[in-house]
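Those sequence lines, one after another, are chains A and B. Each residue of the first sequence is one higher than the one before, starting from 16 at the first, in the working numbering. Each residue of the second sequence is one higher than the one before, starting from 32 at the first, in the working numbering. First the structure, in the form of structure tokens, and then the observations on it.
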Amino acid sequence: MQPIISIQNLSKTYEGGFQALKNIDLDINKGEIFALLGPNGAGKTTLISIICGIVNLSEGRVIAAGHDIVKDFRAARKTIGLVPQELSTDAFESVWNTVSFSRGLFGKPRDDRHIEKVLKDLSLWDKRNSAIKGLSGGMKRRVLIAKALSHEPEILFLDEPTAGVDVELRRDMWKMVRELRNKGVTIILTTHYIEEAEEMADRIGVISKGKIILVDDKHALMQKLGQKQLTIHLKHELPAIPEDMSQYPLTLSADGLCLIYTFDTQRDESGVADILRKLNEHGIDFKDLHSSQSSLEDIFVSLVHGA
Amino acid sequence: MNFYAIRAIYKFEMSRTWRTLLQSIASPVLSTSLYFIVFGTAIGSRMQSINGIDYGAFIIPGLVMLTLLTQSLSNASFGIYFPRFSGTIFEVLSAPVSYVEILLGYVGAAASKSVLVGLLILITAQLFVDYEIQHPVWMFAFLVLTAVTFSLFGFIIGIWADSFEKLQLIPMMVITPLAFLGGSFYSIDMLPPVWQTVTLFNPVVYLISGFRWSFFGIADVNVGLSLGMIALFLVLCIIGVAWIFKTGYRLKD
Chain A
16 MQPIISIQNL SKTYEGGFQA LKNIDLDINK GEIFALLGPN GAGKTTLISI
66 ICGIVNLSEG RVIAAGHDIV KDFRAARKTI GLVPQELSTD AFESVWNTVS
116 FSRGLFGKPR DDRHIEKVLK DLSLWDKRNS AIKGLSGGMK RRVLIAKALS
166 HEPEILFLDE PTAGVDVELR RDMWKMVREL RNKGVTIILT THYIEEAEEM
216 ADRIGVISKG KIILVDDKHA LMQKLGQKQL TIHLKHELPA IPEDMSQYPL
266 TLSADGLCLI YTFDTQRDES GVADILRKLN EHGIDFKDLH SSQSSLEDIF
316 VSLVHGA
Chain B
32 MNFYAIRAIY KFEMSRTWRT LLQSIASPVL STSLYFIVFG TAIGSRMQSI
82 NGIDYGAFII PGLVMLTLLT QSLSNASFGI YFPRFSGTIF EVLSAPVSYV
132 EILLGYVGAA ASKSVLVGLL ILITAQLFVD YEIQHPVWMF AFLVLTAVTF
182 SLFGFIIGIW ADSFEKLQLI PMMVITPLAF LGGSFYSIDM LPPVWQTVTL
232 FNPVVYLISG FRWSFFGIAD VNVGLSLGMI ALFLVLCIIG VAWIFKTGYR
282 LKD
């Protein structure tokens with residue numbers, strides 16, 4: 016399938032000489048939720064800003080919905096909605112006017128029913144005649160989302176959508192994102208909250224210091240890089256790990272009541288069965304087993320620091 | 032052409048005008064009325080007529096021009112500076128609009144507003160003095176051309192400025208003095224010969240002179256020259272704006 020966004024050898028050097036993006040190659044598939052993960056200053060916003068036309072690219076090219084974003088910017092931009100990170104809104108305009116303005120700006124004829132639906136979906140309908148300056152931060156965020164959705168984009172960029180947002184709005188937003196995806200909208204979100212990527216995304220790209228260091232399916236990524244830990248809670252205190260078990264990466268807790276075994280999920284044989292058999296042979300009884308998989312956060316931290 | 036976008040920007044800008052009706056329309060009308068009372072009625076009644084025109088009537092074109100210039104500059108510069116300042120400019124930059132459409136929206140709205148103010152002043156002036164417009168079509172043409180030209184200039188200032196102070200700098204420090212010294216309140220014949228020559232370097236002289244000709248059929252400089260100067264200034268502003276958009280100056284990194 017043709018990717019809906021194709022980024023080819025994209026570089027960006029700012030006027031001061033700072034290279035924000037280095038030879039980025041990235042394809043986004045139609046209808047997926049793609050999370051771009053990276054620490055502050057990694058180049059997430061620059062990448063989005065280039066695709067949306069707010070920042071000029073230095074090298075390379077980007078195709079969005081089949082259109083070159085520079086040569087054919089009109090057709091490309093019509094398909095894109097952007098919710099920026101900053102809460103940049105008009106102060107004195109009403110919610111209704113500012114959202115209607117966005118629709119017109121993106122070349123769509125007036126459609127009050129669509130605007131009404133967007134406002135209702137985002138719980139903004141009661142506030143439609145209020146001036147934006149009187150709204151809370153969360154409401155302003157909703158207004159920005161409404162503006163981006165006013166022109167029915169095929170591609171939606173959410174730049175740090177949940178930064179400074181309360182739990183309720185975050186949940187609403189996740190729900191909305193899933194509904195949009197079900198309608199076929201492609202969603203690209205940047206975040207440095209890993210739980211968000213873990214919760215939402217189909218695929219994850221990790222960006223660090225202007226380079227994409229990894230792109231993968233979320234589950235594959237977690238499987239590929241994930242480490243599992245098996246904790247064996249013993250019935251009786253164990254003074255030391257038996258000698259013939261020393262080939263396994265086992266550690267004994269200080270109180271001698273827990274054995275911890277770390278293994279790679281990638282390997283075909285985890286060695287768990289062997290360990291349990293050996294424990295049995297030594298007559299070591301255990302009362303409980305607990306296994307945990309490393310979170311995306313652990314993976315992420317090890318990646319970024321390794322890069 | 033993205034007509035919906037032009038309309039959206041234009042409507043949005045004009046709604047700012049209606050929302051701030053007192054400041055944007057009533058205040059220029061009031062201050063011009065004050066000029067009429069002071070210069071036209073109070074002082075003007077003791078002045079000789081100029082070229083057979085009553086002084087009160089003589090200053091009308093100058094006053095309209097004065098307001099037109101400052102209004103066009105401040106409307107257009109504020110219109111584009113404020114979204115830059117508040118950050119909402121991102122949306123215009125990310126929209127499927129060409130520079131021509133952005134200009135038609137912003138500059139069109141700014142120019143419409145100042146033409147509107149200009150016409151209101153002409154109506155207000157009827158309350159103070161009797162006057163007739165000999166060439167109404169030319170009068171309107173000068174009005175619109177000047178409004179568009181100075182709105183373009185204001186747009187450039189709004190892009191260039193990176194603080195509210197700079198936004199005010201050129202209108203206050205350059206345009207207002209040039210307009211006062213450009214024959215708003217006198218004919219340049221009334222100046223000593225040396226100053227008559229110096230004055231010819233003031234571009235506003237040509238605007239006011241041409242505009243006054245459309246009212247009374249008299250002019251300090253040839254009407255063709257006036258038109259030529261406006262056209263020249265218009266072209267310069269278009270070149271400036273084209274350069275800004277081509278390079279993304281102060282708009283895009």
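The beta-carbon is built from N, C-alpha and C at its ideal position, and this holds for glycine as well. These numbers were taken from a predicted model, which means no experiment stands behind them.
For B/I187, the closest alpha carbon among the candidates B/L65, B/Q227 and B/L104 is that of B/L104.
As DSSP reads the structure, B/I84 sits in a beta bridge with B/I81. At a beta-carbon threshold of 7 Å, none of the residues of chain B lie near A/G32; the nearest stands roughly 13 Å away.
DSSP places B/F121 within a helical segment (H, G or I) once states are collapsed to three. With a threshold of 8 Å between beta carbons, A/D126 makes no contact with chain B. In the DSSP annotation of this structure, the continuous segment of the beta strand (DSSP E) that includes A/I227 starts and ends at K226 to D232. Within the same chain, Cβ atoms closer than 8 Å to the Cβ of A/H248 are found at L272, C273, F301, K302, D303, L304 and H305, the five residues on either side in sequence being excluded. Near chain B, meaning a CB-to-CB distance below 7 Å, the residues of the stretch 45 to 73 of chain A are C67, G68, I69, V70 and N71. If you compare the alpha carbons of A/S26, A/I48, A/A79 and A/L41 with that of A/T61, the shortest gap goes to A/S26. Between B/M45 and B/E132, the C-beta spacing is not below 8 Å. The beta carbon of B/L97 is closer than 6 Å to those of A210 and S215 in its chain, skipping five residues each way along the sequence.
Within chain A, the residues G119, G122, K123 and P124 have their CB atoms less than 7 Å from the CB of B/Y35, given in chain order. When the beta-carbon positions are compared, B/S108 and B/G185 come within less than 8 Å of each other. Using a Cβ-Cβ cut-off of 8 Å, B/L134 does not count as an interface residue toward chain A, since no Cβ of chain A sits closer than that to its own. Three or more beta-carbon pairs separated by less than 8 Å are not found between the stretch 172 to 182 of chain A and the stretch 120 to 137 of chain A, which leaves the two stretches without contact.
Along the length of the stretch 94 to 168 of chain A, whole alpha helix (DSSP H) runs at least 4 residues long occupy 110 to 120, 127 to 136 and 152 to 164, reported in chain order.
By the CB criterion at 8 Å, B/R50 and A/F107 fall inside the cutoff. The CB of A/L97 comes closer than 9 Å to the CB of F121, E122 and S125 in chain B, given here in chain order. Residue range Q34 to I43 is occupied by the beta strand (DSSP E) that includes A/K37.
Under the 8 Å criterion on CB atoms, A/F315 is classed as non-interfacial with respect to chain B.
Residue burial is scored here from C-beta neighbours: A/Y29 has fewer than 16 other C-beta atoms within 10 angstroms and is therefore classed as exposed.
By the beta-carbon neighbour count (other beta carbons within 10 angstroms, threshold 16), B/Y280 is exposed.
Using a Cβ-Cβ distance cut-off of 8 Å, the stretch 72 to 85 of chain A and the stretch 224 to 234 of chain A are not in contact, since fewer than three pairs of beta carbons, one from each stretch, lie closer than that value. Neighbours of B/F43 in chain A, taken as residues whose beta carbon is under 7 Å from its own, are F116 in chain order. Runs of alpha helix (DSSP H) with 4 or more residues, each lying fully within the stretch 172 to 258 of chain A, are found at 182 to 197, 209 to 215 and 233 to 240, listed in chain order. The C-beta of A/K226 comes no closer than 8 Å to any C-beta of chain B.
With respect to A/L120, A/R156 sits apart: the two C-beta atoms are not nearer than 8 Å.
In the DSSP annotation of this structure, the continuous segment of the beta strand (DSSP E) that includes A/D303 starts and ends at F301 to Q308.
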